[in-house]
Amino acid sequence: MDGIRLQKVIAESGLCSRRKAEELIEEGRVKVNGHKAILGQKINPQKDIVLVDGERLKSRNRRQNVYIMLNKPRGYLTAMSDGRGRKCVSELVEDAPDRVYPVGRLDLNSEGLLLFTNDGEFANTMMHPAYQVPKCYRVTVREPVSDEQMIRLSEGVEIDGRMTNPADVRIVTEEEKRSVMLITITEGRNRQIRKMCEAVNLTVARLKRMSVGPVKLGMLKPGAWRELSKDEVDMLLESAGRAAQKSNKGEEKRAAFKAVKRRR
């Protein structure tokens, strides 16, 4: 057996996404047979003993993959635990069929659709910037939105030293002291929508994610979750695949996408 890359084994165990697994390895939190692991290392999952933060990695043993969506309320941290005692989204999915982890994040004061899974490869596909899965947000700002501001948001603004990708921006309602927009982006930078609005002098009062790819929040109540159907999971992967085909490294990304879908 040639071996399987360690980060892939960790992701397939359901512990975390592949990107997070790579971070754990680089931070020295993973050991293989008592020795500190290195990024890119290949192992035999049937023979080698893997420890993450001192605990032995458990094989999934072909357990069922779980995919759910939560309507995250404001005031919850997108994390499994918090040393400062703040409320975490993990509290809202404790009764899920298996232990699941958030796919991406919404900041403390944001709300709306948040995906969870125990499938590390699926999580990696949804979060990896190469796949550019569109996400739509309902954004309430405290000011009227000018044509110039809409154009700048649509064409891209500079945040954290880099330009954002073009976005789809639509006005839903507009009043003297309040405007509501629908903004669809294909990136997932930290607090991106808030920073985009700040860059054009708009103050976000409320931010709610309405959809990820073709999956919509719908009438799901705040704090409630439901399992995704097989069709919804397939549509998310198809959405990621279409985005990969548009990239200048399409062949490599399409192969990765097909590998994820074959596993299902």
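When the letters of the sequence shown are read in order and numbered with the working numbering, they come out as residues 8 to 271. For every residue, glycine included, the Cβ atom is placed at its ideal position computed from N, Cα and C. Fair warning: this is a prediction, and the values are worked out from it, not measured in the lab.
{"Item": "Separation of Ala86 from Lys94, as counted between CA atoms", "Value": "9 Å"}
{"Item": "Length at least 4, wholly inside the region 137–224: the alpha helix (DSSP H) runs in chain order", "Value": "154–162, 199–206"}
{"Item": "Local Cβ density within 10 Å of Arg216, reported as buried at 16 or more and exposed below that", "Value": "buried"}
{"Item": "Continuous beta strand (DSSP E) stretch holding Lys79: start and end", "Value": "74–79"}
{"Item": "Heavy atom of the ligand SAH within 6 Å of Phe129 beta-carbon", "Value": "Among the components of this structure there are no ligands whatsoever, and the ligand SAH is therefore not found."}
{"Item": "Chain-order list of residues whose beta-carbon lies under 7 Å from that of Val176 (same chain, five-residue window excluded)", "Value": "Met157, Leu160, Ser161, Met188, Ile190"}
{"Item": "Top-ranked residue by Cα proximity to Arg124, from Leu235, Leu46, Pro136, Asp241", "Value": "The residue you asked about is not Arg; residue 124 is Thr in the sequence shown. The option with the nearest alpha carbon to Thr124 is Leu235."}
{"Item": "Contact under 7 Å by Cβ, Leu214 with Ser117", "Value": "yes"}
{"Item": "Assigned exposure category for Asn255 - 16 Cβ within 10 Å defines buried", "Value": "Only weak support exists for where Asn255 lies, its pLDDT of 46 falling under 50; the coordinates are left without a value."}
{"Item": "Identified DSSP bridge partners for Leu120", "Value": "Asn78"}
{"Item": "Meets three-Cβ-pair contact criterion under 8 Å: the region 177–186 and the region 147–156", "Value": "yes"}
{"Item": "Arg36 versus Arg169, Leu99, Asp60, residue with shortest Cα-Cα distance", "Value": "Asp60"}
{"Item": "His135 to Gly220 span [Cα, whole Å]", "Value": "14 Å"}
{"Item": "Reduced DSSP category for Leu84 - H, G, I as helix; E, B as strand; rest coil", "Value": "strand"}
{"Item": "Close-in-space but distant-in-sequence residues of the same chain around Arg12 (CB under 6 Å, 5 per side omitted)", "Value": "Lys49"}
{"Item": "Pick from Gly90, Leu84, Val100 that is closest to Leu77, judged by C-alpha positions", "Value": "Val100"}
{"Item": "Assigned secondary structure, Val57 (DSSP; H/G/I helix, E/B strand, else coil)", "Value": "strand"}
{"Item": "Three-state secondary structure (DSSP) of Glu62", "Value": "strand"}
{"Item": "Residues bridged to Lys38 (per DSSP)", "Value": "Lys43, Leu58"}
{"Item": "Which residues DSSP lists as bridging Lys49, in chain order", "Value": "Arg12"}
{"Item": "Proximal residues to Asp89 (C-beta, below 6 Å), its chain only, five neighbours per side dropped", "Value": "Cys95"}
{"Item": "Inter-residue CB distance, Glu30 and Glu128 (contact presumed, cutoff 8 Å)", "Value": "The pair is not a contact, with the Cβ atoms about 16 Å apart (cut-off 8 Å)."}
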